[in-house]
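This report concerns only the one structure given below.
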Amino acid sequence: MAVRGITRRWIANSLTVIVLVLVMLVVILSVMMQQYVYNSIQSQLKGRSEEAGNLFSSYSNQATQDFFGSVRDYIENFTAKNEMEVMGINLSGKVFITSTGFAPDNSQPMPDYQTALQDESSFGVWVGSLNSGEKVMAVTKIIRNSNGGVAGALRYVVSMEKANQQILLVVGFLALGGLLIIAFIIFSNLYFMNSIVSPVRQIGATAKRIAQGDFNARIKKVNNDEIGQLCDTINDMAVELGAAEKMKNEFISSVSHELRTPLTAIKGWAETLQSGGMDPGTYEKGMSVIIRESERLSGLVEELLDFSRMQNGRMTLMMEKIDLLAELGEAVYMFSDRAKAEDKYLLYEEPAMLSPVLGDINRLRQVFVNIIDNALKYTSKGGTIQVTVSEQDGFIRVVISDNGCGIPAEHLPNVKKKFYKANQTVRGSGIGLALADEIMKLHGGQLDIESHENVGTAVTITIPVLDKQQEEI
49 MAVRGITRRW
59 IANSLTVIVL
69 VLVMLVVILS
79 VMMQQYVYNS
89 IQSQLKGRSE
99 EAGNLFSSYS
109 NQATQDFFGS
119 VRDYIENFTA
129 KNEMEVMGIN
139 LSGKVFITST
149 GFAPDNSQPM
159 PDYQTALQDE
169 SSFGVWVGSL
179 NSGEKVMAVT
189 KIIRNSNGGV
199 AGALRYVVSM
209 EKANQQILLV
219 VGFLALGGLL
229 IIAFIIFSNL
239 YFMNSIVSPV
249 RQIGATAKRI
259 AQGDFNARIK
269 KVNNDEIGQL
279 CDTINDMAVE
289 LGAAEKMKNE
299 FISSVSHELR
309 TPLTAIKGWA
319 ETLQSGGMDP
329 GTYEKGMSVI
339 IRESERLSGL
349 VEELLDFSRM
359 QNGRMTLMME
369 KIDLLAELGE
379 AVYMFSDRAK
389 AEDKYLLYEE
399 PAMLSPVLGD
409 INRLRQVFVN
419 IIDNALKYTS
429 KGGTIQVTVS
439 EQDGFIRVVI
449 SDNGCGIPAE
459 HLPNVKKKFY
469 KANQTVRGSG
479 IGLALADEIM
489 KLHGGQLDIE
499 SHENVGTAVT
509 ITIPVLDKQQ
519 EEI
């Protein structure tokens, strides 16, 4: 698997810290191991020197010749000759005998002897290299007579080559362990990052397909974690975009049909009138159709422009003190003839008086017209549309109800969304209710819809009355 992008950065960042920690750990353990080995060897040599010091304390008052003879006997009979070298040193600081059996080499450095001469406990320790380059550890014990003078010294020397080899072996194992840990971390990180990066790549590829218009593309959810939640979110987004795309296409188709119908009627009657030779009755009928369809076309275009303003946040209201009853009554009157022509009953219970409201006359009338028009469209012949008004708790409520086909429960939550049409067989652009809802929100009111399929629909328009402060302003 190629290591790139976020995987490379993750491994580089985490590995740098881990490698530094492991290197520090190996160095610390190596130093501790060396100190332990060196201290153990030093303790062993000091133990031998103390043993010898106790052994020769009884000779401290004897003659020098007898003392040297005893040292010679001690060295010749030394049992640990294979482990270390022991030397006898005279009063002049020269080696006069060694356990190796060879002639003493007094050219070798002996800093431990000089240290022992100055030390209160008569001990001296030195770790260094001989003239041959061999690394050794040496411990010297000064043998003093009863007067405190130097009778001689014993020097114990151990080669550190084998100890250093053992230390290097341990350090090698530690380094190998560190490398194995690093390798494990690399592979585990690669596996972990692959479990993240692979879904992210899949998400990116699917999101690209969605961006290109394939709203049926879905991401397979593997784990129920943050990545899984992201997959669910993008899948939900694809569903929403698909639904929005479908509504947009239906909206375009519906608007195209809505525009084509009046244009066809206008064009047809215009061509008929242009041909001439018709009676006055036919002429009047044709002109009426042209005027009516032109008004219908103009209303549709205005609705689209209002929707555009709403989308761009540019819809403004000309607020003034108005009599809501007058505007509602005019809207009902506009549809009276249509209701009769369609054999439907439009009933309006007008109250005696209502408080004034602060609003835009044209926009509120637009809301009433839109709701009554919808009620007529979705009510069959012989059906009833009823308009009632009431005032309570500082609000005026206009209820426009019908006993038409109603709205199915699954469509009811979406009917106020832009482009949404629950019934595709009835004319309309699908933006009327969205506009009406927005207009009522701008007035500080609301538009609520209650409907049951095959029972009817009731739309409640609520708007606050004009209070005294607003009236004074």
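The numbering of the sequence shown is this note's numbering, which starts it at 49 and goes up by one.
Cβ coordinates follow ideal geometry from the N, Cα and C atoms, glycine included.
Keep in mind the model is a prediction, meaning the values are calculated, not measured.
**Which residues DSSP lists as bridging L500, in chain order** = Here residue 500 is His; the residue named in the question, Leu, does not match the sequence. The partner list for H500 (beta bridge, DSSP) reads G504.
**Message:** Which complete beta strand (DSSP E) runs does the segment 316–402 hold, if anything under 3 residues is left out?
**Reply:** 368–370 and 393–397
**Prompt:** Does DSSP put Q166 in a helix, in a strand, or in coil?
**Reply:** In this structure, Q166 counts as helix in the three-state DSSP scheme.
**Asked** If you draw a straight line from the C-alpha of S342 to the C-alpha of T427, how long is it?
**Response** Cα-Cα distance, rounded: 25 Å.
**Element boundaries [beta strand (DSSP E), containing Y204]** = Here the beta strand (DSSP E) through Y204 covers V198 to S207.
**Request:** Return the first residue and the last residue of the beta strand (DSSP E) that F443 is part of.
**Result:** Here the beta strand (DSSP E) through F443 covers F443 to D450.
**Request:** Using the Cα positions of E275 and I244, report the straight-line distance between them to the nearest angstrom.
**Result:** The question names Glu, yet the displayed sequence has Ile at residue 275. Approximately 8 Å between the Cα atoms of the pair.
**Which of helix, strand or coil DSSP assigns to Q156** = coil
**Request:** Label V69 either buried or exposed according to how many other C-beta atoms from any shown protein chain fall within 10 Å of its C-beta, with 16 as the threshold for buried.
**Result:** exposed
**Request:** May I ask you to report which of helix, strand or coil DSSP gives R192?
**Result:** Residue state, collapsed to three classes: strand.
**Prompt:** To the nearest angstrom, how far is it from the Cα of L402 to the Cα of E350?
**Reply:** Approximately 30 Å, taken between the alpha carbons.
**Request:** Could you tell me which residues DSSP puts in a beta bridge with K183?
**Result:** S177
**Which of helix, strand or coil DSSP assigns to A50** = Caution is warranted here: a pLDDT of 47 is assigned to A50, below 50, making its placement in the model unreliable, and no coordinate value can be reported.
**Prompt:** Can you name, in chain order, every residue of its own chain whose Cβ lies under 6 Å from the Cβ of P159, other than the five neighbours on each side?
**Reply:** W174
**Item:** For L77 and L222, believed in contact at Cβ under 8 Å, the rounded distance
**Value:** Contact between L222 and L77 holds, with the beta-carbon distance rounding to 6 Å and staying under 8 Å.
**Segment contact, 8 Å Cβ cut-off, at least three pairs: the segment 283–293 with the segment 310–328** = no
**Message:** Alpha carbons only, please: which of A506, Y122, V79 and H459 is nearest the one belonging to A291?
**Reply:** H459
**Request:** Report yes or no: do three or more beta-carbon pairs, one from the segment 368–375 and one from the segment 326–343, lie closer than 8 Å?
**Result:** no
**Prompt:** Can you tell me the Cα-Cα spacing of I521 and D515, whole angstroms?
**Reply:** In this prediction, I521 scores a pLDDT of 45, lower than 50, which makes its location untrustworthy; no coordinate-derived value is stated.
**Same chain only: Cβ atoms within 8 Å of W58, ignoring 5 sequence neighbours per side** = Residues N237 and M241 of the same chain have their beta carbon placed closer than 8 Å to that of W58, with the five preceding and five following residues left out of the count.
**Request:** Determine the closest residue to V71 out of I229, N179, Q83 and S97, with distance taken between C-alpha atoms.
**Result:** I229
**Test: G325 CB closer than 8 Å to a CB of chain B** = The chain inventory of the structure shown lacks chain B, comprising one protein chain alone.
**Asked** Which residues mark the beginning and the end of the alpha helix (DSSP H) in which T416 is found?
**Response** A small correction: the amino acid at residue 416 is Phe; Thr does not occupy that position in the sequence shown. Note, F416: alpha helix (DSSP H), I409 to K425.
**Message:** Check whether the segment 131–146 and the segment 195–215 are in contact - that is, three or more C-beta pairs closer than 8 Å.
**Reply:** yes
**Request:** Drop a sphere of 10 angstroms on the beta-carbon of M49, count the other beta-carbons inside from all chains shown, and report buried for 16 or more, exposed for fewer.
**Result:** At M49, the pLDDT of 44 sits below 50, so the modelled position is not reliable and the matter cannot be decided from this model.
**Message:** When you compare the segment 502–512 with the segment 447–461, are there three or more beta-carbon pairs, one atom per stretch, that lie closer than 8 Å?
**Reply:** yes
**Request:** Report, in whole angstroms, the separation of the C-beta atoms of V187 and S97, which I expect to be a contact under 8 Å.
**Result:** Yes, they are in contact, since the Cβ atoms of V187 and S97 sit about 5 Å apart, within 8 Å.
**Prompt:** Rounded to the nearest angstrom, how far is the Cβ of I522 from that of I433, given a contact under 8 Å?
**Reply:** Outside the shown range of the chain (49 to 521) lies residue 522, about which nothing can therefore be said.
**Item:** Sub-8 Å separation of F126 and I191 beta-carbons
**Value:** no
**Prompt:** DSSP three-state call for S438: helix, strand or coil?
**Reply:** strand
**Prompt:** With burial defined as no fewer than 16 other Cβ atoms inside 10 Å of the residue's Cβ, what is the status of N272: buried or exposed?
**Reply:** Exposed, because fewer than 16 other Cβ atoms sit within 10 Å of the Cβ of N272.
**Prompt:** Any idea what DSSP makes of E133, helix, strand or coil?
**Reply:** strand
**Message:** Applying the 10 Å Cβ sphere with the 16-neighbour rule, what's the burial state of D527?
**Reply:** The chain is shown from 49 up to 521; residue 527 falls before or after that span and cannot be answered.
**Message:** Taking DSSP's pairing of strands, which residues face P512 in a bridge?
**Reply:** F443
**Item:** Residue nearest to S147 in terms of C-alpha spacing, selected from I137, K369 and S155
**Value:** I137
**Prompt:** Rounded to the nearest angstrom, how far is the Cβ of G176 from that of P157, given a contact under 8 Å?
**Reply:** 7 Å
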